[in-house]
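Residue numbers (numbering that gives the first Met the number 0): 0 to 86. Ideal Cβ placement from N, Cα and C applies to all residues, glycine included. Keep in mind it's a predicted model, so treat the numbers as computed, not measured. I have placed the structure first, in the form of structure tokens, so that the comments after it can refer back to it.
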Amino acid sequence: MPRFFCHTLLLVFFYFSYYNINMKITLIPERCIACGLCQTYSELFDYHDNGIVRFYDDPDQLEKEISPSQDVVEAVRNCPTRALIKD
0 MPRFFCHTLL LVFFYFSYYN INMKITLIPE RCIACGLCQT YSELFDYHDN
50 GIVRFYDDPD QLEKEISPSQ DVVEAVRNCP TRALIKD
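Next up, the structure:
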């Protein structure tokens, strides 16, 4: 019985640690060409008055920890200048 219990605890731990990992998104404003693609993919992103990317809810922040979402991954993947980085 104890082996089964330990095995179950390990499986639960790996399940939660694998699926509940936050991802870090970093903005590099110097690379941004204000094309607008990231905002079309995800509502997480917005733009300053000059068109450079920023986070929607905090315009001064350059890094953000978020729960994984497909729309943000697509925005990062499709950025032509790699102004968005996912860690």
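Note the first and the last residue of the continuous beta strand (DSSP E) segment covering residue i.
i   : result
R87 : It is not possible to answer for residue 87, since the shown part of the chain is limited to 0 through 86.
E62 : 62-65
What would DSSP say about residue i, mapped onto helix, strand or coil?
i   : result
D48 : coil
L36 : helix
Could you give the residue range of the alpha helix (DSSP H) that holds residue i?
i   : result
E73 : 69-76
What separation, rounded to the nearest whole angstrom, lies between the Cα atoms of residue i and residue j?
i   : j   : result
N49 : I32 : 10 angstroms
D57 : N77 : 22 angstroms
I20 : S66 : 7 angstroms
R53 : P79 : 16 angstroms
Using the rule of at least 16 other Cβ atoms within 10 Å of the residue's Cβ for burial, across every protein chain shown, is residue i buried or exposed?
i    : result
L26  : buried
Y103 : There is no way to answer for residue 103, as the model of the chain reaches only from 0 to 86.
L83  : buried
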